[in-house]
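Working notes for the structure below.
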Amino acid sequence: MKRIGLLGGSFDPVHVAHIALAQTALQALGLAEVQLIPAANPWQRAALHATGRQRLDMLELAIAGHAGLAVNPIEIERGGATYTLDTLRALPGGARYVWLLGADQLANFCTWRNWQDIASLVDLAVATRPGTPLAAPPELARHLGALGRELQELPFAPMPVSASDIRQRLARGASTEGLLAPPVAAYIAAHHLYR
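Everything in the sequence shown is counted per the working numbering, starting at 107 for the first residue and increasing by one.
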């Protein structure tokens with residue numbers, strides 16, 4: 107059964123660290139594909155700045171030329187509040203899915219709606235800082251143990267890039283060189299986003 111990685115996020119905007127994480131997971135975990143899934147309306151986040159269509163467009167530009175990466179518009183097309191469990195239940199069968207998350211997301215995983223069901227449906231792969239041990243919250247560790255599952259470790263050197271910093275830079279007209287794929291930067295400029 108092929109293994110497919112899933113990388114969710116607001117991607118507001120998609121930046122070089124998102125793509126680097128997806129590519130690292132593809133190789134390190136031996137995945138058939140990594141799908142980037144932009145959230146429609148993430149319930150734990152503030153309002154988004156770019157529209158769903160704009161974020162999908164930027165993702166398509168960012169992954170162009172990167173074999174094994176794909177954009178999955180399932181949450182944008184569904185609309186409304188975005189819950190990971192709803193997305194997982196709507197994915198086609200015939201594959202084993204691996205949910206990719208950062209160590210920061212792992213720390214608050216047990217605040218996610220229906221987190222036990224999510225952990226039952228997918229393998230969890232966590233991007234860790236080199237030299238830092240992987241530590242699941244105790245509740246999650248117990249739940250995974252009961253399921254006979256383990257967290258998968260994805261060694262990933264942290265990159266000092268964040269979407270909020272990029273939006274702030276764009277708002278004040280500062281450079282984002284090296285933080286965005288050039289086609290994404292051009293799209294943002296052409297559509298006057300984050301000004």
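Cβ atoms here follow ideal geometry from the backbone N, Cα and C, with glycine treated the same way.
Per DSSP, cross-strand counterpart(s) of residue i
{"i": "R228", "result": "Rather than Arg, the amino acid found at residue 228 in this sequence is Val. DSSP lists no partner for V228."}
{"i": "W218", "result": "Answer is none; W218 lacks a bridge partner."}
{"i": "V177", "result": "L142"}
{"i": "E259", "result": "V232"}
{"i": "V204", "result": "G111 and D229"}
Sequence-distant residues of its chain with Cβ nearer than 6 Å to residue i (five each side left out)
{"i": "A242", "result": "L257"}
{"i": "Q211", "result": "none"}
{"i": "L230", "result": "W205 and L257"}
{"i": "R275", "result": "T282"}
{"i": "L132", "result": "V140 and G174"}
Contact belief for residue i with residue j at Cβ below 8 Å, rounded distance in angstroms
{"i": "V122", "j": "L285", "result": "6 Å"}
{"i": "L250", "j": "Q160", "result": "Not a contact, Cβ separation roughly 37 Å."}
{"i": "L142", "j": "N178", "result": "7 Å"}
{"i": "A153", "j": "I125", "result": "The pair is not a contact, with the Cβ atoms about 25 Å apart (cut-off 8 Å)."}
{"i": "E139", "j": "G115", "result": "Actually they do not touch by this definition, with Cβ atoms about 17 Å apart."}
{"i": "L191", "j": "N220", "result": "4 Å"}
{"i": "G158", "j": "I182", "result": "4 Å"}
{"i": "T130", "j": "F262", "result": "5 Å"}
{"i": "I224", "j": "L246", "result": "With a Cβ gap of about 10 Å, I224 and L246 do not count as contacting."}
Other residues of its chain near residue i: CB distance less than 8 Å, five sequence neighbours each side excluded
{"i": "I272", "result": "P119, H121, T282, L285, L286 and Y300"}
Close Cβ partners of residue i (< 7 Å) along its chain, the five nearest in sequence each way excluded
{"i": "S226", "result": "L253"}
{"i": "H267", "result": "It should be noted that the sequence gives Val, not His, for residue 267. Excluding residues within five positions, the ones whose Cβ falls inside 7 Å are H121, V122, A123 and L285."}
{"i": "L162", "result": "P144, V177, P179 and I182"}
{"i": "L240", "result": "V232, T234, L257 and E259"}
{"i": "V290", "result": "P119, V120, M164, L167 and A168"}
{"i": "A213", "result": "P243"}
{"i": "Y293", "result": "D163, M164 and L167"}
{"i": "H297", "result": "Q160"}
| Contact between the region 188 to 207 and the region 108 to 116: three or more CB pairs below 8 Å? | yes
Touching or not, the region 178 to 186 and the region 129 to 146, by the rule of three or more beta carbon pairs under 8 Å? yes
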